[in-house]
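Numbering (the working numbering), first residue to last: 276 to 499.
Heads up, the beta-carbon is just placed ideally off N, CA and C, and yes, glycines get one too.
Values in this document were obtained by computation on a predicted structure and should not be read as measured data.
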């Protein structure tokens with residue numbers, strides 16, 4: 276379960292203090308698919324960074340499966356993030372010189388201890404994504420939709436407690452976007468907790484629940 280408790284995050288911009296997040300509280304039960312929406316500057320990116328252990332709150336707490344990760348130092352946060360959180364970004368972040376299979380296995384490089392059959396899991400995930408014929412291909416040989424499917428496979432490699440998707444269809448044509456959203460829905464149907472950030476109302480409508488942010492505060496929660 277994801278639990279945000281009165282999370283606040285401020286930044287200094289041009290001599291002014293901006294409240295990127297202002298007392299944000301919510302819970303995401305295990306297995307829920309939630310979308311975060313809101314205009315530019317509403318706090319979506321800051322909240323996603325907080326959920327992904329890429330940033331810490333100035334006050335409040337963030338708990339993932341009962342662990343208060345807001346207290347972690349950088350090293351511990353990095354290790355926890357690699358093991359427990361999967362990321363899917365708008366711009367794929369695949370390494371051009373590595374194959375599809377090697378890109379999928381990238382999280383293994385940061386693993387401390389045995390890999391527990393990650394190569395077989397990578398094969399299984401890529402087959403599930405319909406990429407079994409592209410294992411040796413480089414990212415430049417793939418379509419945008421195929422690259423995003425590689426990114427999803429990579430994000431799922433470590434069996435994360437939480438899958439975060441930041442505008443995952445932003446760089447895709449409508450057909451590829453529909454395919455990627457169908458895959459995310461399939462992953463969620465298997466019990467995966469998913470939090471997706473989007474400005475697209477049609478994408479957000481795929482989620483079970485929507486939280487709308489404005490000026491760093493929750494303006495509306497469809498679960499309320």
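Put simply, of 355, 402, 425 and 292 the residue whose alpha carbon is nearest the alpha carbon of residue 367 is 425.
Annotation for residue 379: 397, 400, 401, 425, 428, 429 and 432 place their beta carbon closer than 7 Å to its own, counting only its chain and skipping 5 residues before and after.
Secondary structure at residue 347: coil, using DSSP grouped into helix, strand and coil. Judged by DSSP in its simplified three-state form, residue 327 adopts coil rather than helix or strand. Beyond the five residues adjoining it in sequence on each side, residue 466 comes within less than 6 Å, by CB distance, of 306 in the same chain, given in chain order. Comparing alpha carbon positions, the residue from 326, 495 and 439 closest to residue 308 is 439. In the three-state reduction of the DSSP assignment, residue 398 falls in the helix class, which pools H, G and I.
The segment 418-483 contains, as complete beta strand (DSSP E) runs of 3+ residues, the segments 437-441 and 469-472 (chain order). By the neighbour-count criterion, in which 16 or more other beta carbons inside 10 Å mark a residue as buried, residue 405 falls on the exposed side.
Taking all protein chains in view, the Cβ of residue 284 is crowded by 16 or more other Cβ atoms within 10 Å, so the residue is classified as buried. Within the same chain, 301, 309, 311, 493 and 496 come within 7 Å of residue 486 by CB-CB distance, once the 5 residues on both sides are set aside.
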